[in-house]
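Worksheet: the structure to be examined is printed underneath.
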Amino acid sequence: MTKALVIKDMKLYSKAASIIADLSDLGFEQGSPLDFNEVCKIDQLHYHGVASVQLAIDALTIEKNANVLEIGAGWGGPSRFIAGKTNAQVTAIELQKDFNEVAEILTVRCGLDTLVTHRQIDFLQADFQDLKFDHIVSWLALFHIPKREFFTKKIHELLSPGGTIFIEDLMQGSAYKCADVQLLNKELFANSLVDENNYLQGLRAAGFEIISAENMTADWFTFTSERLNFFLKTHKKFTKLHGEKAFQDKRHFYSKMVEFFSDSSISGIRVIAKKLD
Ligand SMILES: C[S@@+](CC[C@H](N)C(=O)[O-])C[C@H]1O[C@@H](n2cnc3c(N)ncnc32)[C@H](O)[C@@H]1O
Numbered sequence: 126m127t128k129a130l131v132i133k134d135m136k137l138y139s140k141a142a143s144i145i146a147d148l149s150d151l152g153f154e155q156g157s158p159l160d161f162n163e164v165c166k167i168d169q170l171h172y173h174g175v176a177s178v179q180l181a182i183d184a185l186t187i188e189k190n191a192n193v194l195e196i197g198a199g200w201g202g203p204s205r206f207i208a209g210k211t212n213a214q215v216t217a218i219e220l221q222k223d224f225n226e227v228a229e230i231l232t233v234r235c236g237l238d239t240l241v242t243h244r245q246i247d248f249l250q251a252d253f254q255d256l257k258f259d260h261i262v263s264w265l266a267l268f269h270i271p272k273r274e275f276f277t278k279k280i281h282e283l284l285s286p287g288g289t290i291f292i293e294d295l296m297q298g299s300a301y302k303c304a305d306v307q308l309l310n311k312e313l314f315a316n317s318l319v320d321e322n323n324y325l326q327g328l329r330a331a332g333f334e335i336i337s338a339e340n341m342t343a344d345w346f347t348f349t350s351e352r353l354n355f356f357l358k359t360h361k362k363f364t365k366l367h368g369e370k371a372f373q374d375k376r377h378f379y380s381k382m383v384e385f386f387s388d389s390s391i392s393g394i395r396v397i398a399k400k401l402d
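The working numbering numbers the first residue of the sequence shown as 126 and each following residue consecutively.
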C-alpha cells in the first residue's frame, strides 16, 4: 500500500518560525511593528517574489474594497502585499497551523489585520457561506491539493459574476512518465499534478475563459538554479541563525527543485482567467 503523503515531508515547510528569526536578524525585534514593504522581501514562498504579486494586481485590476481570496497563503506574504498596495479585503487560507499562526502575527505587526483575514483550514473543507470573491489568487499551492476537478469547480463557484483568477502552479513536465512519481510526490507534497493540456481544459470545463496562459518552465528552472547557487554561498550565516539541519533541509529542497525542472519531471504555469457566467 502507498503511504499517505505528509506535508512536512516537503523540506521547505520544516519550520514556519524561521522567518521571525530572520526578521530579528535584520533588526526587527520580536513583536515590533513592521512595514509590509520590508517584510515582503522575505515572506514570499514562490518565484520572483512580489514582482509576480504586482503582476496579479495589475492583470486582475485589484482595487480598493475588492474581495480577494488567496488559496495556500503560507506566511501570508502575497495577501499582505495585495492588501497593503490596494486596500482590498483579502482572505488568506492556509492548511498548516504553524504557517497560519506566523502569518497572523506578521499581519498584525504590519498593521494590516483590518484588511487581511487569516483562516487555518484545508481549502477543500473551507465553508465560505454566501461570501463571493471578485478575485481568487494562488501561488504554488494548488498542486498540493487533491481533487483538482472538485477544487477548480469550487473556485468557480466562489467567484462573483465576471470574477477573475491569477494562478501560478506546478504541472507534470514532458518527462513526468519517466520520473519516480512516488518520490516526486513526497518531495513536493504533490497531490494533483496534471499536464498543461489537462490543466487548461480543466479550467475551461469548470466555466473559465482563459485570458492568458504562460508556460513558466524555462524561467523557473533558471530561477531555482540561481536560488540554489546563492543559497549555498550563505552556509555560514544561515547555520549561525537556523542551525545545520535547517540548512541541509533547505539545500535538499532547493536541489530537488532544480533536479525536477532540469529532467523535465515538472513544469510550471501562470494562468489568468475569467469566470464565464
Ligand atoms: C509554496 S507555498 C506558497 C505560499 C504563498 N502562496 C506564497 O507564495 O508565499 C504553498 C502553501 O499552500 C499551502 N497549502 C497546501 N495545501 C493546502 C490546502 N489544501 N488548503 C490550504 N492551503 C494549502 C501549504 O501549506 C503552503 O503554505
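For every residue, glycine included, the Cβ atom is placed at its ideal position computed from N, Cα and C.
Whether residue i touches residue j by CB criterion (8 Å)
i, j, result
"Gly209", "Ala266", "no"
"Leu185", "Ile218", "no"
"His281", "Phe333", "yes"
"Val99", "Arg273", "This structure does not reach residue 99, given that the chain is present from 126 up to 402, and the question cannot be answered."
"Leu284", "Lys257", "yes"
"Asp160", "Cys235", "yes"
"Met382", "Thr347", "no"
"Ile336", "Lys278", "no"
"Leu240", "Gly199", "no"
"Tyr138", "Trp345", "no"
DSSP three-state assignment for residue i, whether helix, strand or coil
i, result
"Ile167", "coil"
"Phe314", "coil"
"Ile290", "strand"
"Gln297", "strand"
"Leu284", "strand"
"Tyr324", "helix"
"Phe153", "coil"
"Asp183", "helix"
"Pro203", "helix"
"Ser177", "helix"
"Ser350", "helix"
"Ala129", "coil"
"Asp147", "helix"
"Val319", "coil"
"Glu384", "helix"
"Ala142", "coil"
"Ala304", "coil"
"Leu159", "coil"
"Glu188", "coil"
Opposing strand residues paired with residue i [DSSP bridges]
i, result
"Phe333", "Lys400"
"Val193", "Val215, His260"
"Glu339", "Arg395"
Nearest neighbour of residue i, chosen from the options [CA to CA]
i, options, result
"Ser299", "Lys222, Val383, Asp388", "Asp388"
"Asn162", "Phe385, Thr232, Asn310", "Thr232"
"Phe248", "Asp255, Arg234, Thr289, Phe275", "Phe275"
"Phe386", "Met341, Leu170, Asn354", "Met341"
"Gly174", "Arg205, Ala331, Ile246, Phe372", "Arg205"
"Asp402", "Asp255, Gln214, Asp294, Gly287", "Gly287"
"Cys303", "Phe314, Ser390, Gln214", "Ser390"
"Ile290", "Asp147, Asp134, Leu328", "Leu328"
"Phe135", "Ala371, Tyr301, Ile394", "One point to set straight first is that residue 135 is Met, not Phe, in the sequence displayed. Of Ala371, Tyr301, Ile394, the residue nearest in Cα terms is Ala371."
"Leu180", "Asn323, Gln297, Ser157, Thr211", "Thr211"
"Ala213", "Ser317, Asp255, Ile187", "Ile187"
"Ala338", "Glu293, Ile132, Asn354", "Glu293"
"Ser380", "Glu312, Ala331, Thr364", "Glu312"
"Ala176", "Ile207, Ser157, Ala343", "Ile207"
"Ala129", "Leu308, Asn354, Ala141", "Leu308"
"Arg244", "Phe363, Asn225, Asn323", "Asn225"
Closer than 7 Å: residue i CB and nearest ligand 3 heavy atom
i, result
"Met135", "Ligands displayed in this structure: ligand 1; ligand 3 is not among them."
Can you list the beta strand (DSSP E) stretches of 3 or more residues lying completely in the region 217-279, in chain order?
241-245, 258-264
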